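Chemist: What follows is a structure written as C-alpha cells; I'll ask about it next.
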C-alpha cells in the first residue's frame with residue numbers, strides 16, 4: 001500500500017472548521033503556516049491514503065462521505081465522528097458538489113499522554129479509545145454539546161497560543177469525554193423516527209434501496225413528513241431529485257452484480273430483482289440510459305463473455 005506520511009512537530013492541538021453548506025468558509029485554531037511546496041504536498045497527500053504522527057478526530061456535518069481506515073470502510077452521515085489513531089493509513093472519499101462541512105481536530109501524542117494521566121486517577125482508560133479506529137454517532141443534544149466545546153476553541157485568541165493553550169485543551173478534553181461516553185456504531189444513539197436528521201433518512205435509504213417497495217411515498221410515511229417537503233429538501237441537499245438518486249444506486253448495484261456473474265451465476269432477471277427494480281423492462285431502460293448500453297450489450301463487452 002502506497003501511504004503518504006503527513007507529519008509535523010506541533011505540541012499544540014490544531015482545530016479547523018470547514019463550512020461547505022452556506023458560506024463555504026474555514027476557521028482555525030493554531031493554523032500551521034506552510035510554504036507553497038509544503039502546501040502542495042499536503043493537498044496531494046490528503047486526497048490519497050495517508051497517515052499522521054498525531055490522532056485525528058473527524059466530526060462530520062455534511063450529507064454523506066466514505067472513509068477508509070486501513071482495510072475497513074466507514075460510511076459517514078451528519079453528526080458522525082471518527083477517531084483515527086496515529087500512524088494509521090486512511091483516506092476520505094466524498095462526492096463533489098454536496099455539503100461536506102466538518103470539524104477536523106489534530107491531537108498531538110504528548111497531549112494524549114496528559115489526558116491519559118488525568119483519567120488514570122479516575123480509573124478511566126482514556127488511552128484505549130485512541131489505539132483503534134472508532135466510529136460514533138450522538139443524538140442531537142450530544143452533538144450540539146460537542147460543537148459548543150469546539151466552537152469555544154475556535155473563538156480563543158490566536159495571537160498567543162501559549163496563553164490560550166490550557167483553555168483549548170480543557171474544551172477538547174470535554175468534547176472527547178462526551179464522545180467516548182456515547183455508543184459506538186453500528187448501534188444508532190436513537191430511533192431515526194425520533195431524530196429526523198436528513199442524514200438518518202439517507203441512512204435508511206442506503207440500507208433499503210434494493211427493496212422495490214422503497215419509493216418516495218414509503219419514505220415520507222416512514223418519517224412522517226410531507227412528500228413536497230421531502231422532495232424539496234432532498235433536491236437542496238443532494239443536488240438531484242430522489243428518483244434519480246434511487247435509480248443511480250440500483251443501476252450501480254446491478255452493474256456490480258453483473259461484473260460478478262462468473263461467481264454468482266445470476267441471470268439478468270435475478271439481478272434486476274436483487275437491485276430493487278420491480279420488473280425487467282424498468283431495469284432495461286434505466287441501465288441503457290445510464291451506461292448507453294443494454295444489459296446484454298454490457299455483458300457481451302466483458303472479458304469473460
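Numbering (the UniProt record's numbering), first residue to last: 1 to 305.
All C-beta atoms in this analysis are idealised placements derived from N, C-alpha and C, irrespective of residue type, glycine included.
From a predicted model like this one, the values you see are computed outputs, not experimental measurements.
#1: Hey, residue 283 and residue 272 are a contact pair by Cβ (cut 8 Å); roughly how many whole angstroms apart?
#2: Where does the unbroken alpha helix (DSSP H) through residue 251 begin, and where does it stop?
#3: Considering only the beta carbon of each residue, do residue 156 and residue 12 sit closer than 8 Å?
#4: Since I believe residue 254 is in contact with residue 287 (beta carbons under 8 Å), could you give me their beta-carbon distance rounded to a whole number of angstroms?
#5: Per DSSP, residue 9 forms a beta bridge with which residues?
#6: Within a Cβ cutoff of 8 Å, which residues of the same chain sit near residue 143, ignoring the five residues on either side of it in sequence?
#7: Check whether the segment 32-46 and the segment 131-149 are in contact - that is, three or more C-beta pairs closer than 8 Å.
#8: Taking only the alpha-carbon atoms, compute the straight-line gap between residue 81 and residue 137 and give it to the nearest angstrom.
#9: Give, in chain order, every unbroken run of the alpha helix (DSSP H) that is at least 4 residues long and sits entirely within the segment 62-129.
#10: Spatial neighbours of residue 299 within its chain, please: C-beta separation below 8 Å, excluding the five flanking residues on both sides.
#11: Using 8 Å for Cβ pairs, my map puts residue 150 next to residue 15. What's the rounded Cβ distance?
#12: Have a look at residue 9 and residue 165 and give me their C-alpha separation to the nearest angstrom.
#13: Using the Cβ count rule (16 or more neighbours within 10 Å means buried), how would you classify residue 335?
#14: Give the single residue among 76, 281, 71, 87 whose Cα lies nearest to the Cα of residue 198.
#15: Would you give the residue range spanned by the beta strand (DSSP E) that residue 276 belongs to?
#16: Should residue 146 and residue 178 be called a contact, given that it needs their Cβ atoms to be closer than 8 Å?
Modeler: Taking the coordinates as given:
#1: What you label residue 283 is simply residue 283 of the chain shown in a count that begins at 1. What you label residue 272 is simply residue 272 of the chain shown in a count that begins at 1. About 4 Å; that satisfies the 8 Å criterion.
#2: Numbered from 1 along the chain shown, position 251 holds the residue referred to as residue 251. Residues 242-259.
#3: One-based indexing of the chain shown puts residue 156 at position 156. One-based indexing of the chain shown puts residue 12 at position 12. No, the Cβ-Cβ distance between residue 156 and residue 12 is not below 8 Å.
#4: For the purposes of this step, residue 287 is taken as residue 287 along the chain shown, with counting starting at 1. For the purposes of this step, residue 254 is taken as residue 254 along the chain shown, with counting starting at 1. About 7 Å; that satisfies the 8 Å criterion.
#5: Against the chain shown, residue 9 aligns to sequence position 9. Answer is none; residue 9 lacks a bridge partner.
#6: Translated into the one-based positions of the chain shown, residue 143 becomes position 143. 79, listed in sequence order.
#7: no
#8: Taking the chain shown and counting its residues from 1, one reaches residue 81 at position 81. Taking the chain shown and counting its residues from 1, one reaches residue 137 at position 137. Each residue's alpha carbon lies about 6 Å from the other.
#9: 109-120
#10: For the purposes of this step, residue 299 is taken as the residue at position 299 of the chain shown. Same-chain partners within the cutoff: 258, 261, 268, 305.
#11: On the chain shown, position 150 is the one that residue 150 refers to. On the chain shown, position 15 is the one that residue 15 refers to. Yes, they are in contact, since the Cβ atoms of residue 150 and residue 15 sit about 6 Å apart, within 8 Å.
#12: As a position in the chain shown, residue 9 is number 9, starting the count at 1. As a position in the chain shown, residue 165 is number 165, starting the count at 1. Going from the Cα of residue 9 to the Cα of residue 165 covers about 16 Å.
#13: One cannot answer for residue 335 here, as it falls past the ends of the chain, which runs 1 to 305.
#14: Numbered from its first residue, the chain shown carries residue 198 at position 198. Of the candidates 76, 281, 71, 87, the one whose C-alpha sits nearest the C-alpha of residue 198 is 76.
#15: Stepping through the chain shown from its first residue, residue 276 is reached at position 276. Per DSSP, residue 276 belongs to no beta strand (DSSP E) and is neither H nor E.
#16: The residue you call residue 146 lines up with position 146 of the chain shown. The residue you call residue 178 lines up with position 178 of the chain shown. In this structure, residue 178 lies closer than 8 Å to residue 146 by Cβ.
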